[in-house]
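In the working numbering, the protein residues as written are 15 to 330.
Glycine included, C-beta positions come from ideal geometry on N, C-alpha and C.
These numbers come from a predicted model, not from an experiment.
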């Protein structure tokens, strides 16, 4: 195989970072001065601080995977419509805007700098408007980069970019839930606890919806390939029952990464959604569900990248 773990980690980390950044910016824009108020702000702040890190690490891995890191600068000497060139500019712009977006939140940690933090509100919202389309662009690009290779029939699907986008958003939500659960400190104030659970419900309900969308897109991805005559139908058989990577795909991606987390989240979301009951998922559930979603997101990239390389055109 030409592409190994560095490329797989790049696709996963770039997706997570883009997903976190998109979710953070969306929460900030949605919250405004109303909604859950401060809880929206805290959710957005967690995502803002996390977002640049995985993208920077993933991009560093892919640059050094070239063998000669200086080759990466060749992509910025011209601007054309090649997926690699567009994706490189998307990554560069997103890294810059997400870092600046994160820096705009730092004064909010210091009470003595509250006045500065308030003045930076318009700056944060400005970068949020930029980071939503840029984050979506980076997440889509990770799928387009693979899909632009007709010599690899499993990758050459118009649905792959959509699949990677939904997975990026879901893993982004999971990463925020995981960080909140790990660093959570229970408060004696009932209003504070209520606010935490309300914002947790917002994230969990969103993740349930994204998991449902991802399962539907996986079905469409498989059906599109299976109903296509020739190379693509042959290639997708590697992840269908009886294929060499079927167990890895259906257990790690579908079961552990989607079905089990989705059902666990649904068990806590439905009572609130249907009967307006209090939402309060245990920390252990939040941690385990988030880890499951992140594992599934990584394994999705692993299976797609490996399966695309061990299957090739059938020829004439």
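Same chain, Cβ closer than 7 Å to residue i, neighbours up to 5 away in sequence not counted
i           : result
residue 253 : 259, 260, 263, 317 and 321
residue 279 : 218, 221, 222 and 303
residue 18  : none
residue 118 : 134, 137, 138 and 141
residue 70  : 109
residue 229 : 272
residue 295 : 214, 218 and 282
Beta-carbon contacts of residue i that lie in its chain and below 6 Å, excluding the five residues immediately before and after
i           : result
residue 323 : 15
residue 142 : 39, 42 and 43
residue 99  : 89
residue 22  : 315, 316 and 319
residue 182 : 29, 32, 33 and 153
residue 54  : 41 and 45
residue 166 : 322
residue 325 : 168, 249 and 252
residue 75  : 20, 23 and 24
residue 68  : 27, 30 and 31
Closest by C-alpha distance to residue i, when choosing among the options
i           : options              : result
residue 266 : 302, 312 and 138     : 312
residue 12  : 28, 294 and 67       : Outside the displayed range of the chain (15 to 330) lies residue 12, so it cannot be described from this structure.
residue 172 : 131, 59, 30 and 242  : 242
residue 220 : 235, 232 and 188     : 188
residue 225 : 180, 145, 78 and 54  : 180
residue 310 : 239, 326 and 186     : 186
residue 246 : 199, 327, 72 and 298 : 327
residue 78  : 105, 198 and 24      : 24
residue 149 : 161, 104 and 159     : 104
residue 301 : 273, 198 and 238     : 198
Reduced DSSP category for residue i - H, G, I as helix; E, B as strand; rest coil
i           : result
residue 82  : coil
residue 246 : helix
residue 124 : coil
residue 222 : helix
residue 165 : coil
residue 9   : Lying outside 15 to 330, the shown extent of the chain, residue 9 is not represented and no answer is given.
residue 292 : coil
residue 16  : coil
residue 65  : coil
residue 52  : helix
residue 257 : coil
residue 97  : helix
residue 92  : coil
residue 204 : helix
residue 304 : helix
residue 76  : helix
residue 281 : helix
residue 263 : helix
residue 325 : coil
residue 235 : helix
residue 141 : helix
residue 118 : coil
residue 134 : coil
residue 252 : coil
Cα-Cα separation between residue i and residue j, rounded to whole angstroms
i           : j           : result
residue 115 : residue 287 : 33 Å
residue 136 : residue 314 : 38 Å
residue 83  : residue 151 : 24 Å
residue 283 : residue 293 : 7 Å
residue 285 : residue 291 : 6 Å
residue 213 : residue 120 : 21 Å
residue 306 : residue 157 : 22 Å
residue 269 : residue 233 : 14 Å
residue 62  : residue 56  : 10 Å
residue 163 : residue 96  : 12 Å
residue 244 : residue 169 : 14 Å
residue 194 : residue 60  : 8 Å
residue 5   : residue 129 : In the structure as shown, the chain begins at 15 and stops at 330. Residue 5 is therefore absent and cannot be evaluated.
residue 175 : residue 126 : 45 Å
residue 107 : residue 177 : 23 Å
residue 196 : residue 94  : 44 Å
residue 299 : residue 92  : 48 Å
residue 124 : residue 289 : 40 Å
residue 204 : residue 73  : 43 Å
The ligand PLP heavy atom lying under 6 Å from the CB of residue i
i           : result
residue 229 : The ligand PLP is not part of the structure shown, which contains no ligands of any sort.
Interface flag, residue i vs chain D, CB-CB below 7 Å
i           : result
residue 219 : Within the model displayed, chain D is absent; a lone protein chain is all it includes.
Close-in-space but distant-in-sequence residues of the same chain around residue i (CB under 8 Å, 5 per side omitted)
i           : result
residue 146 : 36, 39, 40 and 43
residue 236 : 250, 253 and 254
residue 80  : 86
residue 227 : 180
residue 111 : 141, 144, 145 and 148
Would you list, in sequence order, the uninterrupted alpha helix (DSSP H) runs of no fewer than 4 residues that lie entirely inside the segment 149-199?
174-196
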